Structures are given as C-alpha cells and as structure tokens.
Amino acid sequence: MHEEGSSLQQQPPDAIFEETIQETTGVAFHLDPRDLQIIVDAIRPGPPTQPSASPTPVFKREGYAKQYDFNMSLIRKLIPLQSLEEINAVVTDILHDLNVRNETLKIADEHPEVFRYLETESKAESLRSTDPKLSEFMDSIKKRDEEQTRKRKIRSNFPALWQREAAWPSSSTYQ
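Numbering follows my numbering, in which position 45 of the sequence shown is assigned residue number 72; successive positions increment by one, without gaps.
Written as structure tokens, this is what we have:
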C-alpha cells in the first residue's frame, strides 16, 4: 500500500485523475483544459453577449413571465456556443426554437387560445405527413362542418320569410 501511495505522488495530477476514472468506470476520458473552459464559460452567468432587440415585455400572467425569463437565460448561455463548429447547427436550432417560444408567450399573454390553435395545427401537420389519405378525409370533414356551421348561422340570423310580418297590412278582397 505504501508503494502504491508513493507512485501516485510521483505522477502528475492529471495522470492520477485519469487512473482513478479508469479504475471506477473502466473507460478513460480525456478532456482538454480549453474544452473545459469553454463549457464553464458557457454555463457561468454573465452579461449578455447579444444586445436585446427589445426590452423585456411585461406579462399579465406570471407563469409566462417566468417561462420567458428561463428561455432568455438559456439563450444567453447558448449564444457563446454558436461559435463552435461541431454544435453550431444544434445550438442555432435551439436558439430559434426558444425565440419562437418567447414570441408565442408574448402573444398568448393577450390571446390564450393561441396554444390550442398551435396544438391543433401541429396535429394536423403531423397527420398530413404520416397519412395523406386520412388527412384528406379529415379536411373534407372539417370543410363539411364549417359549411354546416355557416348555414346554421345564416338561418338563425334571418328568420324564414313566412314567419315575417308584411310591411303593410294585408287586404283581402274576399271579406
């Protein structure tokens, strides 16, 4: 045991760490200090590297404000990672999705039905891509339902002609 401890003291700290990882997992991980610094810098909160295009909106609903703030914190952390070529596409997609979500939250704060609309549209889009025939059927049903609704509205707004009173009193010649 004494010999093992002295051999660990003679090795550089990185070698001791590698040896420990290999013993516990059986797999060696090599992490360049520059890579580690990039990860730490990306996680560490700091001033935004991109000036905000508009001031933070004021939300009526507290939950939307919290979600917006969370999304913005993720955006601030991901922006520095965009410069890394290996993950540029992924980070760009994530940033786009978060920005779209924040815009949706701004709209939903005034019009809560936007979430129901987006959900319906995404389901319809998914259906179109998975089964075009079923999608055509669903579209025909939707059109039929819209026509029936429109006809009902017209009937309720305009009573039948025979139910209306005449503009002038009727005069019968058979009295």
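Don't be surprised by glycine CBs; every beta carbon is placed ideally from N, CA and C. As the structure is a prediction and not an experimental result, all values here were calculated from the model.
Check                                                                                                                                  : Outcome
What residue does the alpha helix (DSSP H) around T157 start on, and which one ends it?                                                : V141 to T157
Along the chain, where does the alpha helix (DSSP H) that runs through T119 open and close?                                            : N115 to E137
What is the DSSP secondary structure of P84, counted as helix, strand or coil?                                                         : coil
With a threshold of 9 Å between beta-carbons, can D59 be considered close to chain B, or not?                                          : Although the question refers to chain B, the structure presented lacks it and comprises just one protein chain.
Within a Cβ cutoff of 7 Å, which residues of the same chain sit near Q94, ignoring the five residues on either side of it in sequence? : L132
Give the DSSP-derived three-state secondary structure of L111 in the structure shown.                                                  : coil
From what residue to what residue does the alpha helix (DSSP H) around D62 run?                                                        : P60 to I70
For the pair the segment 85–104 and the segment 119–137, tell me if three or more CB-CB distances fall below 8 Å.                      : yes
Verify whether the separation of the beta carbon atoms of K180 and D136 is less than 9 Å.                                              : no
Whose CA, out of D172, D62, A92 and R171, lies closest to the CA of E113?                                                              : D62
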